[in-house]
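Q:
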Amino acid sequence: MKFLPVTIDLEIPNDIDKLYDYAKRVLANILEHVELDVSQQQRIKLILVELVTNSIKHTSDPNTQLQLIIDHPHLSIQKMEKGLQIQFSASSPQIPFENIDHILKISFSQENKHQIQPLDQYRFRFLNPFKDEGLSIDHMPEHFGLYIITLASDSFIYQYDPQLKENRYIVNIDL
181 MKFLPVTIDL
191 EIPNDIDKLY
201 DYAKRVLANI
211 LEHVELDVSQ
221 QQRIKLILVE
231 LVTNSIKHTS
241 DPNTQLQLII
251 DHPHLSIQKM
261 EKGLQIQFSA
271 SSPQIPFENI
281 DHILKISFSQ
291 ENKHQIQPLD
301 QYRFRFLNPF
311 KDEGLSIDHM
321 PEHFGLYIIT
331 LASDSFIYQY
341 DPQLKENRYI
351 VNIDL
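Using the numbering used here, the first residue of the sequence shown is number 181, and each one after it goes up by one.
(1) For the segment 209 to 225 and the segment 238 to 247, state whether three or more C-beta atom pairs, one from each stretch, are separated by less than 8 Å.
(2) Excluding the 5 residues flanking arginine 223 on each side, which residues of the same chain have their C-beta closer than 7 Å to its C-beta?
(3) Roughly how many whole angstroms lie between the Cα atoms of glutamine 245 and proline 253?
(4) Could you check the C-alpha separation between isoleucine 249 and lysine 285 for me, to the nearest Å?
(5) Spatial neighbours of glutamine 265 within its chain, please: C-beta separation below 6 Å, excluding the five flanking residues on both sides.
(6) What are the boundary residues of the alpha helix (DSSP H) that includes serine 219?
(7) Give a yes or no on whether the C-beta atoms belonging to glycine 263 and asparagine 194 are separated by under 8 Å.
(8) Is proline 298 closer than 8 Å to aspartate 251 when the C-beta atoms are compared?
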């Protein structure tokens, strides 16, 4: 094991065919610094696949970056990309949030509903919408990528910087 904390900056592939090899390489890089059980490895691979898939589908920024911060007992996976802020459906509250004291229900489409907790005008935490229903990550359809990240992580935060026009997706995992 190496000294912690460790920060690793990575580029994200823009080719879907490279996705699984990329996730395996990143996981191998993490394993050089901390030991993970099989469940943790599976969760991290799911998160990596969904973050990269989201980037390939929704980002035109060729310089999208992934940053790993390994500081046992925590792992932070951050995706940074330039562009427009995250867009919700027209019926959802929009960024910048005016009321940050309430849990909000937002959606990206008719079938896709999320619960979020605004942390400030440009930052929010995704909440587990199925926590009380006992639904696990094993039963989620693949096209619900943000749900998958929410369920696989211990904390999932989105942040937008309007000056830099930068989106940041911050995934935290307790090791």
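All C-beta atoms, glycine included, are put in the ideal place defined by N, C-alpha and C.
A: For this structure:
(1) no
(2) Indexing the sequence shown from 1 puts residue 223 at position 43. Around arginine 223: Ala332, Ile353.
(3) Working through the sequence shown from its first residue, we reach residue 245 at position 65. Working through the sequence shown from its first residue, we reach residue 253 at position 73. Approximately 23 Å, taken between the alpha carbons.
(4) Along the sequence shown, one-based indexing puts residue 249 at 69. Along the sequence shown, one-based indexing puts residue 285 at 105. Each residue's Cα considered, the two are about 30 Å apart.
(5) The residue you call residue 265 lines up with position 85 of the sequence shown. Hits under 6 Å: Ile275, Tyr340.
(6) As a first step, residue 219 is located in the sequence shown; it is residue number 39 there, counting from the start. It spans 218 to 238 - the alpha helix (DSSP H) in which serine 219 sits, taken as one unbroken run.
(7) In the sequence shown, counting from the first residue as 1, residue 263 sits at position 83. In the sequence shown, counting from the first residue as 1, residue 194 sits at position 14. Cβ distance not < 8 Å, so glycine 263 and asparagine 194 don't count as in contact.
(8) What you label residue 251 is simply residue 71 of the sequence shown in a count that begins at 1. What you label residue 298 is simply residue 118 of the sequence shown in a count that begins at 1. Taking 8 Å as the Cβ cut-off, aspartate 251 and proline 298 do not qualify as a contacting pair.
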